[in-house]
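Participant: Pasting in a structure now, in structure tokens, and then I'll have a few things to ask.
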Ligand code: MD6
Ligand code: FE
């Protein structure tokens with residue numbers, strides 16, 4: 002069938018040097034069953050921050066390494082500390098998507114070894130942070146939004162200031178790298194709404210090269 006909206010959809014938008022938005026690049030109907038398989042093995046959990054508080058965003062991981070927050074700090078671990086087992090492998094649909102997105106965004110060959118999976122409920126946001134726990138910051142991060150839409154906050158390389166707001170919808174892919182790899186960013190608290198495949202929830206996948 003002809004996609005009547007194809008000419009209207011921004012294929013690739015350079016938001017700023019190193020931040021590229023690929024609108025509608027990912028297919029949630031294909032990715033959500035893979036998330037279900039992963040979370041059957043490694044369920045979502047509310048990790049505890051170094052400050053001692055449970056995070057509002059529920060998280061889990063797939064890949065050779067998984068990002069964890071503990072009272073002792075943030076790090077990448079090859080095993081899920083809850084089960085002691087290795088994190089579930091990156092499914093082919095994940096790998097394929099992350100590699101194609103990085104290439105399309107202009108970052109060349111990218112093979113992630115880690116995928117952090119975030120789950121947001123209405124009212125849940127993520128406070129501004131930098132992603133600093135990966136060994137080599139020359140690799141980009143590929144971020145995939147699924148389900149309910151959210152407002153992404155893009156700051157600069159220093160804390161503070163007023164952010165650029167990027168509305169992220171189901172299937173949007175944001176690629177972050179180069180001179181913007183270390184910018185501060187966050188997610189505004191999720192506004193209650195419904196998506197046919199995720200109900201009132203938003204999922205986010207961030208593909209990284211941890212090691
Ligand atoms: C989210 N994303 O969209 C949270 N980090 O739910 C992130 O924290 C993030 O989107 C690094 C690079 C891209 C991101
Ligand atoms: Fe982040």
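Numbering (this note's numbering), first residue to last: 2 to 212. Positions of the beta carbon are idealized from the N, C-alpha and C atoms, including for glycine. Nothing here was measured: the structure is a model prediction, and the numbers come from that model.
1) So does residue 170 have its beta carbon nearer than 7 Å to some heavy atom of the ligand MN?
2) When burial is assigned at 16 or more other CB atoms within 10 Å of the CB, is residue 12 buried or exposed?
3) Roughly how many angstroms separate the alpha carbons of residue 31 and residue 176, rounded to a whole number?
4) At a cut-off of 7 Å, is residue 132 close to the ligand MD6 when judged by its beta-carbon and the heavy atoms of the ligand?
5) Going by DSSP, which residues form a beta bridge with residue 119?
6) Rank 54, 51, 38 by C-alpha distance to the C-alpha of residue 62 and give the top, closest one.
7) Can you look up residue 35 in the DSSP assignment and give me helix, strand or coil?
8) Taking the C-alpha atoms as reference points, what is the distance between residue 102 and residue 178?
9) Please report the straight-line C-alpha distance between residue 50 and residue 207, rounded to a whole angstrom.
10) Which of the three DSSP states is assigned to residue 40 in this structure?
11) Between the beta-carbon of residue 148 and the beta-carbon of residue 203, is there less than 8 Å?
Facilitator: A quick look at the data gives this:
1) Among the ligands in the structure shown, the ligand MN does not appear; only the ligand MD6 and the ligand FE can be found there.
2) Locating residue 12 in the chain shown gives position 11, counting from the first residue. By the 10 Å Cβ count, residue 12 comes out exposed.
3) Working through the chain shown from its first residue, we reach residue 31 at position 30. Working through the chain shown from its first residue, we reach residue 176 at position 175. Cα-Cα distance, rounded: 20 Å.
4) Within the chain shown, residue 132 is the residue found at index 131, counting from 1. Yes; taking the cut-off as 7 Å, the Cβ of residue 132 has a heavy atom of the ligand MD6 nearer than that.
5) The residue given as residue 119 occupies position 118 in the chain shown. 60, 205, per the DSSP bridge assignment.
6) Start at 1 with the first residue of the chain shown, and residue 62 comes out as number 61. With distances taken between Cα atoms, residue 62 lies closest to 38.
7) Locating residue 35 in the chain shown gives position 34, counting from the first residue. Residue 35: helix per DSSP, three-state reduction.
8) Locating residue 102 in the chain shown gives position 101, counting from the first residue. Locating residue 178 in the chain shown gives position 177, counting from the first residue. Straight-line Cα distance between these residues: approximately 12 Å.
9) Your numbering for residue 50 matches position 49 in the chain shown. Your numbering for residue 207 matches position 206 in the chain shown. If you take the alpha carbons of residue 50 and residue 207, they lie about 19 Å apart.
10) Position 39 of the chain shown, counting from 1, holds the residue named residue 40. If DSSP states are grouped into helix, strand and coil, residue 40 belongs with the helices.
11) Position 147 of the chain shown, counting from 1, holds the residue named residue 148. Position 202 of the chain shown, counting from 1, holds the residue named residue 203. Cβ distance < 8 Å, so residue 148 and residue 203 count as in contact.
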